[in-house]
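Numbered per my numbering, the sequence shown spans residues 106 to 212.
We put the beta carbon where it would ideally sit given N, CA and C, even for glycine.
None of the values given here were measured: they were computed from a predicted structure.
Here's the structure, in structure tokens; my notes come after.
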Amino acid sequence: MNYFINWQDHAGSQPEKFYKATLWQGECAMVGLNCLEPGQIQKVHAHKGADKFYFVLQGRGNFTVGAEEREVGAGMLVVAPSGIPHGVANIAGERLSLLVTIAPPFK
């Protein structure tokens, strides 16, 4: 098992929808990478029984959590507790890269 992971080795893009890669998955959490190109979105959705965390690695995005919407940049953590609607849109002219954790992971 690789205990040391460089997220940049897993970055990518897709023209039709944002790019997702699983970096690690255990019994209690999943850690992934989401890359959104300019104009791409992750529609507002919710996870029942799982908390979600977005850590902004690079770029800027417009995040929605519940009724709140905020522009967030690199170094910020966005928390979406279980059952709370959340989503993100890349509003900048560069790639938005997010470290995403879901706990517990989806089975």
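Residue nearest to residue i in terms of C-alpha spacing, selected from the options
| i | options | result |
| --- | --- | --- |
| histidine 191 | Pro209, His150, Leu201 | His150 |
| leucine 182 | Ala197, Gln119, Ile196, Gly166 | Gly166 |
| valine 184 | Thr206, Ala197, Tyr108, Asn139 | Thr206 |
| leucine 203 | Gly131, Pro186, Pro210, Ser118 | Ser118 |
Residue i (DSSP reduced to helix, strand or coil)
| i | result |
| --- | --- |
| histidine 115 | helix |
| lysine 125 | strand |
Beta-carbon proximity of residue i to residue j, cut-off 9 angstroms
| i | j | result |
| --- | --- | --- |
| alanine 116 | arginine 200 | yes |
Pairwise C-alpha distance: residue j and residue i
| i | j | result |
| --- | --- | --- |
| glycine 137 | alanine 172 | 25 angstroms |
| glutamine 147 | alanine 208 | 19 angstroms |
| valine 193 | aspartate 114 | 23 angstroms |
| leucine 162 | isoleucine 189 | 23 angstroms |
(message) For a minimum of 3 consecutive residues, which ranges assigned as the beta strand (DSSP E) are wholly contained in the region 136 to 188?
(response) For the region 136 to 188, whole beta strand (DSSP E) runs of length 3 or above, ordered along the chain, are 146 to 150, 156 to 163, 165 to 170, 173 to 178, 182 to 185.
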